[in-house]
Amino acid sequence: MTQVFVTAPTFIIEETGDALVAKFRPNLTDPEITTRIYSEGKSATETYQEYVDRFLQMADGLTGGVDNAANVQHALGTFLRLAWP
């Protein structure tokens with residue numbers, strides 16, 4: 002982080018955050034993440050909270066993240082469909 006301010010001292014926090022998200026964004030494409038969301042089952046040792054958190058993390062990896070209502074609806078819809086065998 003220090004190097005960012007040394008090389009670009011006028012960088013604002015929002016730009017820094019955007020740069021970090023761009024650098025560490027998953028290598029999966031939106032269709033690949035969506036496929037995983039639709040097929041992700043719950044493990045026997047996983048709590049329901051952990052399971053839904055995993056869906057939300059995947060949804061956050063999609064374009065628009067969890068700020069996009071459609072991403073969250075896909076994740077939570079799949080959670081409701083698959084949570085109880």
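This note's numbering puts the last residue of the sequence shown at 86; the count rises by one with no breaks. Positions of the beta carbon are idealized from the N, C-alpha and C atoms, including for glycine.
Neighbourhood of residue i by C-beta, 8 Å cutoff - its chain only, sequence neighbours within 5 removed
i, result
"Leu83", "Glu41, Gly42, Lys43"
Beta-carbon gap between residue i and residue j smaller than 9 Å
i, j, result
"Leu81", "Val67", "no"
"Gly62", "Ile34", "yes"
Start and end residues, alpha helix (DSSP H) containing residue i
i, result
"Gly87", "With the chain covering only 2 through 86, there is no way to say anything about residue 87."
"Gly65", "Where Gly65 is concerned, there is no enclosing alpha helix (DSSP H), given that its DSSP letter is neither H nor E."
"Ala70", "70 to 83"
Own chain, CB closer than 6 Å to residue i, minus 5 neighbours either side, in chain order
i, result
"Thr79", "Ile38, Tyr39"
Close beta carbons around residue i, own chain, < 7 Å, minus the five adjacent residues each side
i, result
"Val53", "Phe80"
Best match in the options for proximity to residue i [C-alpha to C-alpha]
i, options, result
"Thr36", "Ala60, Thr46, Ile14", "Ala60"
"Ala71", "Asp31, Glu16, Glu15", "Asp31"
"Trp85", "Gln74, Asn69, Ala45, Thr17", "Ala45"
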